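A quick write-up on the structure given underneath.
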Amino acid sequence: MKIQFDDTNLLAGMVGEKHGLASGELERESAFAIEALGSFRKSCEEGRYGFPHLPFDTATIKSIRSYAAGLSGSFDTVCLVGIGGSALGAWALDCGMRGPHPVQGSFTAKHPRLVILDNVDPSFTASSLASMNPKKTVVVVVAKSGSTAETIATFLIVREWLAKAGGKKHTSRIAVVTSEGPGDLGALAAREKYRVFGLPANVGGRFSVLSAVGLLPAALIGIDIGKLCRGAAEMTHECWTPDLRANPALHAALAHYLLLTRKGKSIQVAFPYANRLWGLAFWFRQLWAESLGKAKTRDGKIANLGQTPVAALGTTDQHSQVQLYIEGPNDKVFTFWAVAKSAEKGRIPSAKLGLPAFDYLAGQSLAKLIDAERRSTAAAMVAAERPNCTFTLDRLDEAHFGAFMQLMEFETAFAGEMLNIDAFDQEGVELGKRFTFGLMGRPGYEPFKAKFKEYEAKGKAAR
Ligand code: PA5
0 MKIQFDDTNL
10 LAGMVGEKHG
20 LASGELERES
30 AFAIEALGSF
40 RKSCEEGRYG
50 FPHLPFDTAT
60 IKSIRSYAAG
70 LSGSFDTVCL
80 VGIGGSALGA
90 WALDCGMRGP
100 HPVQGSFTAK
110 HPRLVILDNV
120 DPSFTASSLA
130 SMNPKKTVVV
140 VVAKSGSTAE
150 TIATFLIVRE
160 WLAKAGGKKH
170 TSRIAVVTSE
180 GPGDLGALAA
190 REKYRVFGLP
200 ANVGGRFSVL
210 SAVGLLPAAL
220 IGIDIGKLCR
230 GAAEMTHECW
240 TPDLRANPAL
250 HAALAHYLLL
260 TRKGKSIQVA
270 FPYANRLWGL
280 AFWFRQLWAE
290 SLGKAKTRDG
300 KIANLGQTPV
310 AALGTTDQHS
320 QVQLYIEGPN
330 DKVFTFWAVA
340 KSAEKGRIPS
350 AKLGLPAFDY
360 LAGQSLAKLI
370 DAERRSTAAA
380 MVAAERPNCT
390 FTLDRLDEAH
400 FGAFMQLMEF
410 ETAFAGEMLN
420 IDAFDQEGVE
430 LGKRFTFGLM
440 GRPGYEPFKA
450 KFKEYEAKGK
460 AAR
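Heads up: the sequence shown begins at 0 in numbering that gives the first Met the number 0, then just goes up one per residue.
Structure representation (structure tokens):
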């Protein structure tokens, strides 16, 4: 497993002093970074944060594998009901390992597909249900809290759909992943005898992909979760190394922290050059946004911190976003994600057609072209003084995928320490959730319904 981080194009010598890091700046701040690593490690040792331990949890990996093996051959679709951190990891793994969307190929009992019901768009839900055979579907419901309105509402629909088609036996094809401890989803699972997989209390939703949250759907669609976790375990050792140059997560976290706080790069564009990494870019977007976008520092000072993550796909978005990236506001840092060894080369036929726009490409490959496009975009960004850096994954397999996810979780945790914020809460989304509960009539949330009415009245008065 090999993942490299190249920071050359973040340096002032490449993009100018105004936008780049001075030579030796990272080294001068390495004690600060190592201190961040130390304080995060201490919190983990005290049991506050659990994601670094997940790849070593062989008992969970074993029980998921045996559950998946027991059902193998009896389904062609896994229907995941969940949202946010309870869905994006599985989506990223599906896209990365089973194949890029929307061209994954046919699905069979040997090669089941994943359908994720996250958004409560009624038309999307109806179309999804119409596309699945309830007798050949395994349902995985994921909600750490056990009470997320979107997940519960969708599950009630899916549960009825399954029961109508499958009679009493349908409950054997429902599995639940929820927080260890009391919760309404857990209570229903116990009542209806669904298989339950626990999520440790110290693992937050967006850091949970290597728990049953991501591993269960992954195993059901045929991903080798052992290899995934072995790659992540190997990366975990690298991420605990108190040496900036031997620890890509710490190195990248410090670079992004400095670009945000000293150079005003308030946007980070995650720019994979592989369709298989496109789902991962959306997973990363949530991880970076929800973890680092915070009103207050740990000591209670209002700071409104964060770096807005944007997902772009190379080469597609060269023809959509790069004009803005190169000539628009210089408020972004670009993080390219490259794959060194592509499984397919995409050989371009060598026959010449006597046409200049065609013939120079003859006999070359798409792998060479996409690599040239990424390096050319990086060079063009340097010419426009736009700082950019690159993660290079040696190849795209389970081990590298697991390692890269673990790297990004560590990078996020380290960046949170450097910013002196709590990267593991999400207070900012709570009020909206409470308003929804109030509007949908959940007992106990009447004050939020009243508050919502005040907001509507304010809108009328403001006109
Ligand atoms: O990262 C998080 O904690 C959130 O994005 C949650 O994953 C999301 O809100 C879904 O929560 P739950 O798993 O409780 O349904």
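Built from N, CA and C at the ideal position, the CB exists for glycine as well.
Remember, predicted model here, so these are calculated numbers, not experimental data.
In the DSSP annotation of this structure, the continuous segment of the alpha helix (DSSP H) that includes residue 401 starts and ends at 397-418.
For residue 43, the enclosing alpha helix (DSSP H) starts and ends at 29-44. Remark: the shortest separation between the CB of residue 412 and any heavy atom of ligand 1 does not fall under 6 Å. If the five residues before and after residue 274 are omitted, its C-beta is found closer than 6 Å to the C-beta atoms of 99, all from its own chain and listed in chain order.
Counting only unbroken stretches of 4 or more residues, the alpha helix (DSSP H) elements lying wholly within the segment 242-277 are 247-262, in sequence order. Chain order is used for the residues whose beta-carbon lies nearer than 6 Å to a heavy atom of ligand 1, namely 82, 83, 84, 85, 142, 143, 144, 147, 150, 203, 204, 205, 289, 425. Residue 338 has 392 as its beta-bridge partners, per DSSP.
DSSP, reduced to helix, strand and coil, places residue 352 outside both helices and strands of the structure shown, so it counts as coil.
Residue 3 sits in a strand when the DSSP states are folded into three classes. Contact annotation: the segment 316-333 touches the segment 258-277, with at least three C-beta pairs closer than 8 Å. A direct Cα-to-Cα measurement between residue 112 and residue 317 gives close to 30 Å. Along the length of the segment 78-126, whole alpha helix (DSSP H) runs at least 4 residues long occupy 87-92, reported in chain order. Between residue 374 and the set 419, 314, 357, 418, the nearest pair of CA atoms involves 314. DSSP, reduced to helix, strand and coil, places residue 310 within a strand of the structure shown. Our two residues, residue 276 and residue 400, have alpha carbons roughly 9 Å apart in a direct line. The alpha-carbon of residue 376 is positioned some 24 Å away from that of residue 25. With a cut-off of 8 Å on Cβ pairs, the segment 14-25 is in contact with the segment 384-404, counting three or more such pairs. By a beta-carbon distance limit of 8 Å, residue 81 contacts residue 142. Their separation comes to about 6 Å. When secondary structure is reduced to three states using DSSP, residue 59 falls in the helix class. According to the DSSP assignment, residue 9 belongs to no alpha helix (DSSP H), since it is labelled neither H nor E. Of 394, 147, 291, the smallest CA-CA separation from residue 344 is found for 394. For residue 225, the enclosing alpha helix (DSSP H) starts and ends at 224-238. For residue 175, the enclosing beta strand (DSSP E) covers residues 173-178.
Nearest neighbour of residue 118 by Cα position, chosen from 356, 150, 102, turns out to be 150. Shortest Cα-Cα distance from residue 157 to any of 233, 320, 173 involves 173. Annotation: residue 28 to residue 37 spans about 14 Å, alpha carbon to alpha carbon. By the CB criterion at 7 Å, residue 405 and residue 231 fall inside the cutoff. In the structure shown, residue 373 adopts helical secondary structure according to DSSP, grouped into three states.
Of the residues 438, 179, 452, 288, the one whose Cα lies closest to the Cα of residue 415 is 288.
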